Amino acid sequence: MPRFKTILVTGGAGYIGSHCVVDLLNAGHDVIAIDNFANAVGDEEGSPALKRAEQITGKNIVFYEADLLNKPQINDIFDKHPIDCVIHFAALKAVGESMQQPLLYYQNNLLGMLNLLEIMRSHECYQMVFSSSCTVYGEPEYLPITETHPTGSITNVYGRTKYFIEEMLKDLSAADEKWNIISLRYFNPVGAHPSGLIGEDPTKEFTNLMPFMAQVALGKKPVLTVFGNDYNTPDGTGIRDYIHVMDLASGHVAALNFLGSNQVRLKVYNLGTGRGVSVKELVEVFERVTKTKIPLKYVDRRLGDITAMWADASLAKEELGWSTKLTIEEMCKYKTGCGIIKPFNITQ
Ligand code: NAD
Ligand code: WQD
Numbered sequence: 550m551p552r553f554k555t556i557l558v559t560g561g562a563g564y565i566g567s568h569c570v571v572d573l574l575n576a577g578h579d580v581i582a583i584d585n586f587a588n589a590v591g592d593e594e595g596s597p598a599l600k601r602a603e604q605i606t607g608k609n610i611v612f613y614e615a616d617l618l619n620k621p622q623i624n625d626i627f628d629k630h631p632i633d634c635v636i637h638f639a640a641l642k643a644v645g646e647s648m649q650q651p652l653l654y655y656q657n658n659l660l661g662m663l664n665l666l667e668i669m670r671s672h673e674c675y676q677m678v679f680s681s682s683c684t685v686y687g688e689p690e691y692l693p694i695t696e697t698h699p700t701g702s703i704t705n706v707y708g709r710t711k712y713f714i715e716e717m718l719k720d721l722s723a724a725d726e727k728w729n730i731i732s733l734r735y736f737n738p739v740g741a742h743p744s745g746l747i748g749e750d751p752t753k754e755f756t757n758l759m760p761f762m763a764q765v766a767l768g769k770k771p772v773l774t775v776f777g778n779d780y781n782t783p784d785g786t787g788i789r790d791y792i793h794v795m796d797l798a799s800g801h802v803a804a805l806n807f808l809g810s811n812q813v814r815l816k817v818y819n820l821g822t823g824r825g826v827s828v829k830e831l832v833e834v835f836e837r838v839t840k841t842k843i844p845l846k847y848v849d850r851r852l853g854d855i856t857a858m859w860a861d862a863s864l865a866k867e868e869l870g871w872s873t874k875l876t877i878e879e880m881c882k883y884k885t886g887c888g889i890i891k892p893f894n895i896t897q
């Protein structure tokens, strides 16, 4: 019997949320999921991704199409259900869009969080796991990045919303000892559930490497544009810490368990593998695993891109008892960013 029984998952129909819900159900939690379908597919029956999560687990999810900016709607959900803890995924996350529409991002991400925290407090629910990002570190001063690395020198609005929320959480938890919050700084989540039933399926345009590469493999895009091969890295391409979305999901269950038996006020953990992989390396593994040739076109660096970033994930290992298990090969096994996910012709 988990210490927290009923978990509210905001942004539950989204990429990471839908995968995390699978692990939460498997761990014996009751899940209430909400989403406004800003970046997830929705139909008259709710969320197809969450229907498939039910299919995978054989368990039910209570789903509400609801918007965090609509306070009465969220308040009603808290009135109806005895929510023990919130996992807060809901946010807008497109870096380019955030630069063009800063007010949309500040309103959705900051006001959405403020509304949620106020409603939680009024219902005496003080437990939260928050989706933060490695983006809060900006250009790394050293590698691998520990949680004590300075934050805040960020060049995009999306990243600043994560930074501002973390600052808000610091103030809140300092002011009231009842709050018990873990902020998880994800590195680069990729991959899909091994069933192939759920994966990354956004409704907005995306620019991330893995879903883009999958689109090229599917013939939906002609070529993968590699942004820069003149970086100061062994092969000249950018380096990131790609983490399988199911490892990320298990990190949330570990965080919940930790909150269930510790009063921390606010703790921050990196969720990454601790290993940096270049664009070229990822393409090579993807080609081998999927037996698909990815045509490449090298162009100039993308504005605002960082040379290299990977996590020191030892704190999560020591304190949450969590570490990643899945390899880069596993991360490349399923088509992502292309609607219903089907396995590629796997080599093994
Ligand atoms: P996603 O867009 O797939 O999921 C977010 C979900 O939140 C979407 O389904 C969207 O419709 C919903 N949503 C947005 N605003 C909402 C609102 N006001 N009310 C209700 N629902 C709302 O993104 P994801 O990749 O699953 O990311 C989940 C979280 O993790 C986000 O907070 C994101 O910033 C963070 N994160 C993502 C990455 C990444 O690369 N995917 C990396 C670091 C952090
Ligand atoms: C990875 C690498 C690109 C696309 C973004 C957000 C960040 C965080 C994680 C949420 C880089 C290269 C990419 C392409 C390429 N998200 N690339 N061709 O830039 O690390 O971070 O996702 O918090 O906030 O900014 O991820 O997948 O876009 O890029 O060569 O078509 O792939 O230059 O080196 P990134 P990404």
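Take 550 as the starting number for the sequence shown in the numbering used here and just add one per residue.
We treat Cβ as the ideally placed atom computed from N, Cα and C, and that holds for glycine.
The structure displayed is predicted, hence computed values, not measured ones.
With hydrogens ignored, establish whether the beta-carbon of residue i is closer than 7 angstroms to any heavy atom of the ligand WQD.
i, result
"V828", "yes"
"R789", "yes"
"G701", "no"
"D854", "yes"
"Y898", "Since the first residue of the chain shown is 550 and the last is 897, residue 898 is not available in this structure."
"N806", "no"
"V644", "yes"
"R837", "no"
"T756", "yes"
"T559", "no"
"N819", "no"
"N588", "no"
"F776", "yes"
"N657", "no"
"L599", "no"
"R824", "no"
Between residue i and the rest of its own chain, which residues show a CB-CB distance below 7 angstroms, the 5 nearest in sequence each way excluded?
i, result
"I747", "S567, H568, A598, R601, A602, A741, I890"
"N585", "E614, A615, D616"
"K554", "H578, D579, D633"
"G888", "Only weak support is given to the placement of G888: the predicted model assigns it a pLDDT of 46, under 50, and the value that follows is read from those uncertain coordinates. Excluding residues within five positions, the ones whose Cβ falls inside 7 angstroms are D750."
"G853", "T704, N705"
"L660", "L618"
"C836", "One detail in the question is off: residue 836 reads as Glu in this sequence, not Cys. Counting only Cβ-Cβ distances below 7 angstroms, and skipping sequence neighbours, we find K842, I843."
"K874", "D796"
"V834", "I877, E878, C881"
"N575", "T606"
"K642", "Y707"
"L721", "L666, W728"
"V802", "D572, L573, A576"
"V828", "L758, V775, T786, G787"
Give me, in chain order, the residues of the same chain whose beta-carbon lies closer than 6 angstroms to that of residue i; leave out the 5 immediate sequence neighbours on both sides.
i, result
"G701", "Y712"
"R552", "G809"
"A640", "N658"
"V817", "E696, S732"
"I714", "M662"
"V644", "N705, Y707"
"M777", "Note on residue identity: the sequence assigns Gly, not Met, to residue 777. Closer than 6 angstroms at the Cβ level, and outside the excluded window around G777, lie R850."
At a cut-off of 7 angstroms, would you count residue i as near the ligand NAD, judging by its Cβ distance to the nearest heavy atom?
i, result
"F638", "yes"
"I626", "no"
"E641", "Looking at the sequence provided, one finds Leu at residue 641 rather than Glu. Yes; taking the cut-off as 7 angstroms, the Cβ of L641 has a heavy atom of the ligand NAD nearer than that."
"G740", "no"
"G566", "yes"
"I583", "yes"
"Y735", "yes"
"A763", "no"
"G938", "Here the chain comprises residues numbered 550 to 897, so residue 938 is not present and cannot be evaluated."
"D784", "no"
"P751", "yes"
Can you tell me whether residue i sits near the ligand SAM, meaning its C-beta is under 7 angstroms from at least one heavy atom of the ligand?
i, result
"S682", "The ligand SAM is not among the ligands present in this structure, which contains only the ligand NAD and the ligand WQD."
Only counting the same chain, and skipping five residues up and downstream in sequence, which positions put a Cβ closer than 8 angstroms to that of residue i?
i, result
"K866", "S872"
"I556", "L573, H578, D579, V580, I581, I632, D633, C634, V635, I636, L805"
"F736", "C683, R789, D790, Y791, I792, N819, L820, G821, T822, M858, W859, A860"
"F638", "V558, T559, G560, G561, G563, I565, G566, C569, S680"
"V813", "N729, I730, I731, F807"
Does the beta carbon of residue i come closer than 8 angstroms to any beta carbon on chain C?
i, result
"V794", "Looking for chain C here will not work: only one protein chain is present."
> At what residue ranges does the segment 711-789 contain a whole run of the beta strand (DSSP E), taking only runs of 3 or more?
Replying inline: Note on the segment 711-789: whole beta strand (DSSP E) runs with a minimum of 3 residues are 729-735, 737-739, 773-776, in chain order.
> Hey, which unbroken runs of the alpha helix (DSSP H) at 4 residues or more fall wholly within the segment 579-646?
Replying inline: Those alpha helix (DSSP H) runs which fall completely within the segment 579-646 and span 4+ residues are 597-606, 620-629.
> Which runs of the alpha helix (DSSP H) fall wholly inside the segment 802-858 and span at least 4 residues, in chain order?
Replying inline: DSSP runs (the alpha helix (DSSP H)) wholly in the segment 802-858: 828-839.
> Are at least three pairs of beta-carbons, each pair with one atom in the segment 768-788 and one in the segment 621-638, less than 8 angstroms apart?
Replying inline: Because the criterion of three Cβ pairs below 8 angstroms is not met, the segment 768-788 and the segment 621-638 do not touch.
> Are at least three pairs of beta-carbons, each pair with one atom in the segment 848-860 and one in the segment 675-695, less than 8 angstroms apart?
Replying inline: Touching, yes.
>> Quick check on the DSSP output: what are the complete beta strand (DSSP E) runs of length 3 or more inside the segment 665-712, in order along the chain?
In response: Correct list: 676-682.
> Is the segment 713-730 in contact with the segment 663-675, if contact means three or more CB pairs nearer than 8 angstroms?
Replying inline: Cβ pair count under 8 angstroms is three or more, so yes.
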